[in-house]
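Participant: As numbered in my numbering, residues 1 to 100 make up the sequence shown, in order.
Note that CB positions come from ideal geometry on N, CA and C, so glycine has one too.
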Amino acid sequence: MKHERIDAGSNIEVRLSGTFTFDDQMIARDLMRELVADEATAIVYEVSNLTMIDSSGIGLILMLHDRLKKAGKTFEIRGANGAVDEALRHAKITELMPVS
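Shown next as structure tokens:
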């Protein structure tokens, strides 16, 4: 997984690309710590260039959502399409957080 962080005041957009799998857990956990510690209040994962996500990637998104919520921050996923959209919907992520 590759990512690009874009800071805009109280918002952070993280653009993900490639695949989000078990192999990316260290990168994802480091990013999670950064996002939770940051003063920004709204976090968006932009995933239109993500080609695949496995159950580990979904688990890491759930963990991030939980930690951000406890920190009083909002989190949403934008740009989900194809296999990524299907995986998120199958895991019922859409019932827990905004996915568009």
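#1: From His90 to Ile43, what does the alpha carbon distance come to, in whole angstroms?
#2: In this structure, does DSSP put Lys70 in helix, strand or coil?
#3: Between Arg5 and the rest of its own chain, which residues show a CB-CB distance below 7 Å, the 5 nearest in sequence each way excluded?
#4: In the DSSP assignment, the beta strand (DSSP E) including Asp7 goes from what residue to what residue?
#5: Which residues in the same chain have their Cβ closer than 8 Å to the Cβ of Ile93, if we skip the five residues on either side of it in sequence?
Facilitator: By the coordinates alone:
#1: 23 Å
#2: helix
#3: Ile12, Val14
#4: 2-8
#5: Ile58, Ile61, Leu62, Ile77, Val99
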